[in-house]
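Undergrad:
Residue numbers (my numbering), protein chains in the order written: chain A, 1 to 109; chain B, 1001 to 1114.
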């Protein structure tokens, strides 16, 4: 079946460096994607979204890139901070959210 | 900032007992959802609800599960006879529209079945 999945389960970065979290999707008809951040014991928190008519969208310290040709999207976090430590999920939004397995981002000093 | 609220934050129940998880979605939202997250796993869709009826449900959402919007603000998930494998975090979410719109999540209810 169709799925949204992630390449790496854990990403460790040094504080101040940039982080890149990747996600692959298989449904070529997908047209809306969201990145969520989930801190321990909390619900998913919206970070940024992108629609399929775009290939890049920027927020505050975050950028999402969408490559429809290879069905891949990424989340870039600039100047990673300790507070960015969390699990990051990409999700495909059809009439419901289909989540990937998540990448744990660990930020060390 | 408006938020989705869930109660209780943690529920411990004995196997076979009924539990009701409660949610108050954002007031002007029209679509409501329940998701489940087993420890260490991804968030899984359970059910969506619109206009006082179920829009879609997953294979997980079997006859033991039901949802209700008993009044203008609450949205509940009932598990009639809990099983050990129902232990998970249950998240409620709401959206103003359906597809192509941001979903807001509650903080979750941790259900522990013993």
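In this text, a Cβ means the ideal position worked out from N, Cα and C, and glycines have one as well.
Remember, predicted model here, so these are calculated numbers, not experimental data.
1. When DSSP builds the beta bridges, which residues end up paired with residue 1046 of chain B?
2. Under a three-way DSSP split, which group does residue 1085 of chain B fall into?
3. Below 9 angstroms between beta carbons is the criterion; list the residues of the stretch 81-108 of chain A that meet it against any residue of chain B, in chain order.
4. Can you pull the chain A residues whose beta carbon is under 7 angstroms from the beta carbon of residue 1033 of chain B, in chain order?
5. Who are the neighbours of residue 1100 of chain B on chain A, taking C-beta pairs under 8 angstroms?
6. Does residue 49 of chain A come out as helix, strand or coil in the three-state DSSP assignment?
7. At least one CB of chain B closer than 7 angstroms to the CB of residue 43 of chain A: is that the case?
8. Taking the straight line between their C-alpha atoms, what separation do you get for residue 1113 of chain B and residue 1039 of chain B?
9. Assuming residue 66 of chain A and residue 108 of chain A are in contact, meaning their beta carbons sit under 8 angstroms apart, how far apart are those beta carbons, in whole angstroms?
10. Does any residue of chain C bring its CB to less than 7 angstroms from the CB of residue 1075 of chain B?
11. Using CA coordinates, which residue listed in B:1063, B:1085, B:1003 and B:1067 is at the minimum distance from residue 1052 of chain B?
12. For my contact list, residue 61 of chain A and residue 87 of chain A are in at a C-beta cut-off of 8 angstroms; report their separation, rounded to the angstrom.
13. Counting only C-beta atoms, is residue 1043 of chain B closer than 7 angstroms to chain A at any point?
14. Going by other Cβ atoms of all chains shown within 10 Å of its Cβ, with 16 needed for buried, is residue 30 of chain A buried or exposed?
15. Which chain A residues sit within Cβ distance under 8 angstroms of residue 1001 of chain B?
TA: Put simply:
1. Taking the second chain and counting its residues from 1, the one referred to as residue 1046 of chain B is at position 46. Looking at the DSSP output, residue 1046 of chain B sits in no beta bridge, so it has no partner there.
2. Numbered from its first residue, the second chain carries residue 1085 of chain B at position 85. Residue state, collapsed to three classes: helix.
3. 89, 91, 93, 94, 95, 96, 97, 98, 99, 100, 101 and 102
4. In the second chain, the residue the question calls residue 1033 of chain B occupies position 33. Chain A residues near residue 1033 of chain B: 96.
5. The residue given as residue 1100 of chain B occupies position 100 in the second chain. Chain A residues near residue 1100 of chain B: 31, 32, 51 and 93.
6. Here the question's residue 49 of chain A lines up with position 49 in the first chain. DSSP places residue 49 of chain A in strand when its eight states are reduced to three.
7. The residue you call residue 43 of chain A lines up with position 43 of the first chain. Closer than 7 angstroms: yes.
8. Taking the second chain and counting its residues from 1, one reaches residue 1113 of chain B at position 113. Taking the second chain and counting its residues from 1, one reaches residue 1039 of chain B at position 39. If you take the alpha carbons of residue 1113 of chain B and residue 1039 of chain B, they lie about 13 angstroms apart.
9. For this step, residue 66 of chain A is matched to residue 66 along the first chain. For this step, residue 108 of chain A is matched to residue 108 along the first chain. Going by Cβ atoms, the distance from residue 66 of chain A to residue 108 of chain A rounds to 29 angstroms, so no, they are not a contact pair.
10. Annotation note: the requested chain C is absent from the structure, which comprises protein chains A and B.
11. Here residue 1052 of chain B corresponds to residue number 52 of the second chain, with the count starting at 1. Looking at the Cα atoms, B:1067 is the closest of the given residues.
12. In the first chain, residue 61 of chain A corresponds to position 61, counting from 1. In the first chain, residue 87 of chain A corresponds to position 87, counting from 1. At roughly 18 angstroms, the Cβ-Cβ gap does not stay under 8 angstroms, so residue 61 of chain A and residue 87 of chain A are not in contact.
13. What you label residue 1043 of chain B is simply residue 43 of the second chain in a count that begins at 1. Chain A contact via Cβ: present.
14. Against the first chain, residue 30 of chain A aligns to sequence position 30. The residue is buried, with at least 16 neighbouring Cβ atoms inside 10 Å.
15. Here the question's residue 1001 of chain B lines up with position 1 in the second chain. Within 8 angstroms Cβ-Cβ: nothing; residue 1001 of chain B doesn't reach chain A, min ~12 angstroms.
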